[in-house]
Amino acid sequence: MREICINHIDAFTTKRFAGNPAGVVLNAECLSTQEMQQIANELNLSETVFLLPPQTVENDFRVKYFTPKEEIDFCGHATVALTWLVATEMGLAQTKHGIVLETNIGNIPVTWDIKDGNINSVEMTQAVPKTKDISVDLDKLSRLLRIEKDAFDLNYPLKLANTGNWHLLIPLKNDILIDKADPDLAALDTFNKKYGVSTTHLYTFNTKQDCDLYTRDFAPSVGIAEDPVTGSANGALAGLLYYEKIISQNEPTRLIIGQGHKVERPGTLYVTITPNGTEPIIKVAGAAIVTIKGVLHL
Numbered sequence: 001m002r003e004i005c006i007n008h009i010d011a012f013t014t015k016r017f018a019g020n021p022a023g024v025v026l027n028a029e030c031l032s033t034q035e036m037q038q039i040a041n042e043l044n045l046s047e048t049v050f051l052l053p054p055q056t057v058e059n060d061f062r063v064k065y066f067t068p069k070e071e072i073d074f075c076g077h078a079t080v081a082l083t084w085l086v087a088t089e090m091g092l093a094q095t096k097h098g099i100v101l102e103t104n105i106g107n108i109p110v111t112w113d114i115k116d117g118n119i120n121s122v123e124m125t126q127a128v129p130k131t132k133d134i135s136v137d138l139d140k141l142s143r144l145l146r147i148e149k150d151a152f153d154l155n156y157p158l159k160l161a162n163t164g165n166w167h168l169l170i171p172l173k174n175d176i177l178i179d180k181a182d183p184d185l186a187a188l189d190t191f192n193k194k195y196g197v198s199t200t201h202l203y204t205f206n207t208k209q210d211c212d213l214y215t216r217d218f219a220p221s222v223g224i225a226e227d228p229v230t231g232s233a234n235g236a237l238a239g240l241l242y243y244e245k246i247i248s249q250n251e252p253t254r255l256i257i258g259q260g261h262k263v264e265r266p267g268t269l270y271v272t273i274t275p276n277g278t279e280p281i282i283k284v285a286g287a288a289i290v291t292i293k294g295v296l297h298l
């Protein structure tokens, strides 16, 4: 029998039982892909990340991400959770300013910010964003999300965007309307699979929360009904806003994004977009906190 140490970490928050929980398994080289999937299913969190030795000398670690249902290429909040654990409990913050992670989408640099001797936040540089148009009937979207058709805010782009996974980004007029959304998850699952979309991400600038943007994220096609706080989707959203010239293409923009309030797991993401022609640099930062530690017997 093998004993596997399991960590349960809440990401994009400084408070327990808030933000987005992720499973983190260090020293995962003893696990097969099938065992990783079984562990992710057993933990039943939106994502579980596994730390492995790097395949190339220029990187520090290799990581693999799993939902309870399948392996995915990238996960923002699990990256924050993993890096927080590596910096603190593995002690790397004492000797390094950051690490580079090998993922299925390429190398992801992550750094940590230290204040008064403690880790204040970690920040990941996401993959160069990509966007593409989608032709979809608003009446159909209204039925899928179970919201009124006039809730859509067509002053902002309704498109697909990607910094690791494809997301359907849908603008609504305010946070009240976003919180009213009650998707038909079975129908949304079918819809997202049709378009090769990992999540459907609602967003608005019109919010009473203490943030610039308010979002919600639904991902039934990868086994997640609602993701509390989504690093990859909000990074993709930042890329879309840059390409659509909603934010500056001449100087860096810093956005505070709030998510998770509707499911009583509020979290905060700090997103920095640095202009770089057609390849803006998207960095997503946040804090994390360890809530559960345990041993899994295999």
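For the sequence shown, the UniProt record's numbering begins at 1 and goes up steadily by one. In this text, a Cβ means the ideal position worked out from N, Cα and C, and glycines have one as well.
In the three-state DSSP reduction, Ser142 falls in the helix class (H, G or I).
The criterion of a C-beta distance shorter than 8 Å is not satisfied by Leu160 and Ile170. The C-beta of Ile282 has 16 or more other C-beta atoms within 10 Å across all chains shown, which makes the residue buried.
The criterion of a C-beta distance shorter than 8 Å is not satisfied by Thr131 and Val110. Across the structure, Ala187 and Leu144 are spaced so that their CA atoms are roughly 7 Å apart. With distances taken between CA atoms, Thr291 lies nearest to His8 out of Met1, Ile4, Arg2 and His8.
In the three-state reduction of the DSSP assignment, Leu45 falls in the coil class, being assigned neither a helical nor a strand state.
Nearest in C-alpha terms to Gln259, of all of Glu47, Leu213 and Ala93, is Leu213. Residue pairing by DSSP places Pro21 opposite Asp10 in a beta bridge.
Comparing alpha-carbon positions, the option among Thr56, Cys75 and Glu58 lying closest to Tyr65 turns out to be Cys75. The beta carbon of Ser221 lies closer than 6 Å to those of Asp189, Asn192 and Lys193 in the same chain, with the five residues before and after it left out. Residue burial is scored here from C-beta neighbours: Leu43 has at least 16 other C-beta atoms within 10 angstroms and is therefore classed as buried. Burial of Arg216 is indicated by the presence of at least 16 other C-beta atoms within 10 angstroms of its C-beta.
Within the DSSP bridge table, the entry for Pro109 names Val100 as partners. In this model, Lys96 and Lys115 are separated by some 15 Å (Cα to Cα). Scanning Gly235, Cys30 and Val100 for the CA closest to the CA of Thr56 turns up Val100. By the neighbour-count definition (other C-beta atoms within 10 Å, threshold 16), Phe17 is an exposed residue. Here Pro21 is near Leu45, since their CB atoms are less than 8 Å apart. In this structure, Met124 sits near Thr79, with a CB-CB distance shorter than 8 Å.
Beyond the five residues adjoining it in sequence on each side, Ala87 comes within less than 6 Å, by CB distance, of Ala93, Trp112 and Ile119 in the same chain, given in chain order. Here Ile246 carries a coil assignment [DSSP, helix/strand/coil]. In terms of Cβ geometry, Asp10 and Ala288 form a close pair [threshold 8 Å]. Between the C-alpha atoms of Lys208 and Pro266 there is a straight-line separation of about 14 Å. One Cα belongs to Leu255, the other to Arg2, and the distance between them is close to 44 Å. The shortest CA-to-CA distance from Gly294 to any of Thr14, Asp150 and Gly23 is the one to Gly23.
Annotated three-state conformation of Gln259 is strand, per DSSP. Burial check for Thr278: the Cβ neighbour count within 10 Å stays below 16, so the residue is exposed. For the pair Ala285 and Val49, the CB atoms are not nearer than the 8 Å cut-off. DSSP lists Ile4 as the beta-bridge partner residues of Leu296.
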